[in-house]
Amino acid sequence: MPPGPRPQEVPTRHPAAPGDYAAKIAKDMNSWQIDSNEGDEWKVESLPGEHGKNFPDSRVKKYFVTSFGMCLKSQMIDLKAEGYWEELMDTFRPEIVVKDWFAPRADCGCTYHLRVHLTSANYIVLASFDPPPVTIEQWNDATWKEASAISFSSMGARTPSSGKAGMAPVSPTAASLSATDQPRTPPLPDLCRKTL
């Protein structure tokens with residue numbers, strides 16, 4: 001266990017940079033759990049995809065897509081395992097910001113919903129972020145949009161030393177970044193893209 005910061009001292013060690021976690025996810029999508037797989041189910045495609053646009057970060061090459069039914073996935077991130085040591089979480093309560101990206105196809109609309117929960121090691125919910133779903137109409141500009149959860153520390157939640165952040169993108173037509181080399185069929189109407 002790394003030594004914690006001295007009292008009144010601002011920590012100088014940083015957990016994995018935001019881009020580092022995204023790069024890790026891009027290489028291993030096994031961290032996602034498929035909770036619902038209706039319609040034509042989750043698929044993996046290369047960017048920009050049919051009727052799409054390139055992602056703002058050129059390192060992102062693939063993403064999940066869904067269509068024709070409710071598809072849900074979730075992910076649990078163990079903050080301690082990601083480098084947030086106990087004293088940092090218990091004393092300094094660092095900002096925890098969750099960002100996600102999504103985009104529709106240009107020729108059809110979609111609905112996207114992101115839910116984030118900060119829990120204790122025993123999965124007791126300490127704070128939640130559950131904004132209303134975003135619906136994008138057909139014949140849109142297919143622009144990638146960022147969904148961002150507010151900082152949990154600014155909500156006054158105490159982040160226990162073995163805290164976990166759970167993330168559950170929810171949508172009748174949603175998708176996410178992938179690095180697998182096994183994309184399935186091309187996108188179908190009523191499709192939305194999302195990446196992490």
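Counting from 1, one number per residue, gives the positions in the sequence shown under full-length UniProt numbering. The C-beta atom is built at its ideal place from N, Cα and C for all residues, glycine as well. Every value quoted in this text rests on a predicted model; they were computed, and no experiment measured them.
Assuming residue i and residue j are in contact, meaning their beta carbons sit under 8 Å apart, how far apart are those beta carbons, in whole angstroms?
i	j	result
S36	M70	5 Å
G39	T66	7 Å
A106	D141	7 Å
F68	V44	F68 to V44, Cβ: 17 Å. No contact.
Using 10 angstroms around the beta-carbon of residue i, count the other beta-carbons present and answer buried if the total reaches 16, otherwise exposed.
i	result
Y123	exposed
S58	exposed
P104	buried
W139	exposed
K99	exposed
A149	buried
I34	exposed
From what residue to what residue does the beta strand (DSSP E) around residue i run?
i	result
D100	99-104
N54	Per DSSP, N54 belongs to no beta strand (DSSP E) and is neither H nor E.
I34	33-37
F64	62-67
Q75	71-78
Y84	First-last for Y84: undefined, no H or E at that position.
R115	110-119
E146	145-148
T135	134-136
F129	125-129
E45	43-46
Once you ignore the five residues that flank residue i on each side, which residues in its own chain have a CB closer than 6 Å to its CB?
i	result
W32	K73, Q75
V116	V98, F129, A149, M167
K53	A142
Between which residues of its own chain and residue i is the CB-CB distance below 7 Å, once the five residues before and five after are set aside?
i	result
A157	Because A157 sits at a pLDDT of 41, beneath the cut-off of 50, its placement in the model cannot be relied upon, and the following sentence gives the value as read from the coordinates. Contacts found: L118, L126, A127.
P56	W144
E137	G109
Is there a Cβ from chain D that is less than 7 Å from the Cβ of residue i?
i	result
L47	Absent here is chain D; the protein component of the structure consists of one chain.
_At least 3 beta-carbon pairs within less than 8 Å: the stretch 138-148 vs the stretch 101-120_ = yes
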